[in-house]
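Participant: These protein sequence lines are chains A and B, in that order.
Once you know that position 4 of the first sequence is 3 in numbering that gives the first Met the number 0, the rest is easy, because the numbers rise by one and skip nothing.
Once you know that position 213 of the second sequence is 212 in numbering that gives the first Met the number 0, the rest is easy, because the numbers rise by one and skip nothing.
We put the CB at the ideal spot given by N, CA and C, even for glycine.
In this text, all values refer to a predicted model and were calculated from it rather than measured experimentally.
Could you have a look at this structure, given as structure tokens, before my questions?
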Amino acid sequence: MMDMAFLYDTFVALLSGVPLTLNLTFVAFAIGTVLATLLALMRMSRIKALDAPARAYVFVLRGTPLLVQIFLIYYGLGQFRPTLQHLGLWQFFREPYWCAILALALNSAAYGSEVVRGGLRSVPKREVEAARACGMSGLLLFRRIVMPIALRQALPAYGNELILMVKATSLASIITLTEVTGIAAQLISSSYRPVEVFIAAGAIYLAINFSLTRAIAMLDWRLTPHLRGPAAATGKMEGGSA
Amino acid sequence: MMDFLGLVSFGPDGWGLSLLFASLVTIAVAACGFLLGVVLGGFAAWANLAGGTALRVSADTYTTIFRGIPDLLVIYLFYFGGSLLVTSAFNALGHAGFVGLHPFVAGAGAIGVVSGAYQAEVFRGAFRALSKGEIEAGKSVGMGRFLLFRRIIAPQVLQYALPGVGNVWQMTLKESVLISVTGLVELLRQSQIAAGSTRKPFEFYLIAGAIFLLITWLSQHIFERLEKYTSRGVAQEAS
């Protein structure tokens, strides 16, 4: 019934799109994380002039579809080509790759900022007070106390953002990038065998997402030695106590 | 500014009417997908909680697969795969040639299956939040399975699930733009057509975004009202 040879060929063809899928995922995710942290700090600054724009940004970016954002950047900004050329930004905005990265990063920053904010809010006041009593302040306090606790708290939810990012990169295929979904679309229209192509592409995405989920769970395990029982904690003391 | 208003006017040269109609198509396709998702999600949650091993494994497989694969691929599968299926069914009945599946049906089916996978998790979590004592109390006063479900389980599960269900609706609404790749003239496709014919993509994608923002904002309000309504019997924290 199922043509195994075709399935295998399809799988191999789709694998050539994996590097671009991963590239889009990690580059956009890294930029998105930096922006998300900035937005979260703006929201928590208690300064109206910083809080209000961050709030509006999150509302707009979360309330509109990612594909509309991609089109607005890729096709919409093309309208301002003379201005962009004048500013020297046209090199950047004419490349579908950079438009996809920009849209994915801006979108992910909006969702991610809420997760980061939740993590930062979960840092107990008494820990901060204790650190201040020991004479820590500013960056040292943030690096030693606030960030580790917030990171631990936010990691599982932030891991979900990474999985969503993997799935979101498929939209880059609509603006001509040939990552896994882009190749899959080409294969469907050339062979007209959507089921086999779907199975092969689906398996690739599930494998990527499964590995990332496992990696995040392992990182989470390493970061939370205090939540493991005493027996488990003593087994891996040197890794967890750092 | 006048130029801009001219673009979206409802007159013969404006795109207002087409955009309004396209917005209704977007809402309709998202709502159909969402309702299909409620049915599929409810069934999958039931299979996971009450079914035997075979049912539980198939429900788990369903939710894992459709939450881990990009929606765009699922839409391609339903649109092209669905047309293939319909064509072969018609050919078997003696109708020669190609028959396409309507993009509305394929699209609603695809986003419905995806949203069902998310709703299953929402319903499952809500059922877990239900206290066992209530079910035992219901049984002890002699309620049968159906009565117990209707009077005790359903009202509470719906109340607990509502915030999650609201999130899934917002997601389904936003994912519905992906159906534009199959040629269904919903909001994004209509904006593409308008952008192409007026050479003003920036304005039209901005308008599409604004309409989406309006719809998601309204939905959020409706769900907040619903949450208030369903939890009217529950003591509220003083605020």
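1. Comparing alpha-carbon positions, which option in A:L38, A:L14 and A:R143 lies nearest V122 (chain A)?
2. Looking at the ligand MG, does it come within less than 8 angstroms of R127 (chain B), judged from the CB to the closest heavy atom?
3. Which stretch, first to last residue, makes up the alpha helix (DSSP H) that contains K173 (chain B)?
4. Of all the CB atoms in chain A, is at least one closer than 9 angstroms to the CB of I26 (chain B)?
5. Do L65 (chain A) and A102 (chain A) count as a contact pair if the criterion is CB distance below 9 angstroms?
6. What residue range is occupied by the uninterrupted alpha helix (DSSP H) comprising C31 (chain B)?
7. Quick one: grab the DSSP three-state call for K227 (chain B).
8. Below 9 angstroms between beta carbons: does that hold for W14 (chain B) and L6 (chain B)?
9. Thinking C-beta only, is G111 (chain A) closer than 9 angstroms to G31 (chain A)?
10. I need the DSSP call for S44 (chain A), collapsed to helix, strand or coil.
11. Under 9 angstroms, do L23 (chain A) and T168 (chain A) count as touching if we go by C-beta distance?
12. If the criterion is Cβ atoms closer than 9 angstroms, does the pair Y191 (chain A) and F79 (chain B) meet it?
13. Y73 (chain A) and A194 (chain B) look like a contact to me (Cβ under 8 angstroms); what is the Cβ gap, rounded to whole Å?
14. Between which two residues does the alpha helix (DSSP H) carrying K124 (chain A) extend?
15. Quick check: the segment 32-49 of chain B against the segment 79-94 of chain B, are at least 3 beta-carbon pairs closer than 8 angstroms?
16. Kindly list, in the order they appear in chain A, the residues whose Cβ is closer than 7 angstroms to that of T215 (chain B).
17. Would R198 (chain B) pass as an interface residue toward chain A - the criterion being a Cβ-Cβ separation below 9 angstroms?
18. For the putative contact between L119 (chain A) and A39 (chain A), defined by C-beta atoms under 8 angstroms, what is the C-beta separation to the nearest angstrom?
19. Could you list the residues in the segment 170-187 of chain A with a C-beta less than 9 angstroms from some C-beta on chain B, going in chain order?
20. Taking a Cβ distance cut-off of 9 angstroms, strictly less, list which residues of the segment 172-203 of chain B are near chain A, in chain order.
21. With contact counted as at least three CB pairs below 8 angstroms, one residue from each stretch, are the segment 77-92 of chain A and the segment 208-225 of chain B in contact?
22. Do you know how far the Cα of R116 (chain A) is from the Cα of G124 (chain B)?
23. Does any CB atom of chain B fall closer than 9 angstroms to the CB of T24 (chain A)?
24. Can a CB atom of chain A be found closer than 9 angstroms to the CB of I110 (chain B)?
25. Along the chain, where does the alpha helix (DSSP H) that runs through G240 (chain B) open and close?
26. How would you write the range of the alpha helix (DSSP H) that R151 (chain A) sits in, first residue to last?
27. Is the beta carbon of G111 (chain B) sitting closer than 9 angstroms to the one on G36 (chain B)?
28. Using a Cβ-Cβ distance cut-off of 9 angstroms, determine whether I162 (chain A) contacts chain B.
29. Thinking C-alpha only, which one of A:R54, A:L49 and A:L154 is nearest A214 (chain A)?
30. For P193 (chain A), decide whether its Cβ has a neighbour in chain B, counting only Cβ atoms nearer than 9 angstroms.
31. For A105 (chain B), which residues of its own chain have a beta-carbon under 7 angstroms away from its beta-carbon, when the five flanking residues on both sides are left out?
32. Residues of chain B with CB under 7 angstroms from Q84 (chain A), in chain order?
33. For R143 (chain A), name the three-state secondary structure that DSSP assigns.
34. Can you tell me whether D12 (chain B) is buried or exposed, with buried defined as 16 or more other CB within 10 angstroms of its CB?
35. Is I221 (chain B) close to chain A? Criterion is C-beta to C-beta, closer than 9 angstroms.
Facilitator: Working from what's here:
1. Among A:L38, A:L14 and A:R143, the Cα nearest to that of V122 (chain A) belongs to A:R143.
2. Among the components modelled here there is no ligand, and therefore nothing to report on the ligand MG.
3. Annotation for K173 (chain B): the continuous alpha helix (DSSP H) segment containing it runs A153 to E174.
4. no
5. yes
6. G15 to A49 is the span of the alpha helix (DSSP H), which, as asked, contains C31 (chain B).
7. Assignment of K227 (chain B) by DSSP, reduced to helix, strand and coil, places it in the helix class.
8. A contact, by the Cβ cut-off of 9 angstroms.
9. yes
10. coil
11. Yes.
12. yes
13. With a Cβ gap of about 12 angstroms, Y73 (chain A) and A194 (chain B) do not count as contacting.
14. K124 to A132
15. no
16. Those within 7 angstroms of T215 (chain B) in chain A are G62.
17. yes
18. 6 angstroms
19. Hits within the stretch, in order: L170, S172, I173, V179, T180, A183, A184 and I187.
20. L172, K173, E174, S175, V176, L177, S179, V180, L186, L187, S190, Q191, A194, R198, K199, P200, F201, E202 and F203
21. no
22. 24 angstroms
23. Not one beta carbon of chain B lies nearer than 9 angstroms to the beta carbon of T24 (chain A).
24. The beta carbon of I110 (chain B) does not come within 9 angstroms of any beta carbon belonging to chain A, so the residue lies off that interface.
25. With chain B covering 0 to 238 only, the question about residue 240 (chain B) has no answer from this structure.
26. M146 to A167
27. yes
28. yes
29. A:L154
30. yes
31. F77, Y78, G81 and T181
32. Correct list: empty, because the minimum Cβ distance to chain B is about 16 angstroms.
33. helix
34. Exposed is the call here.
35. no
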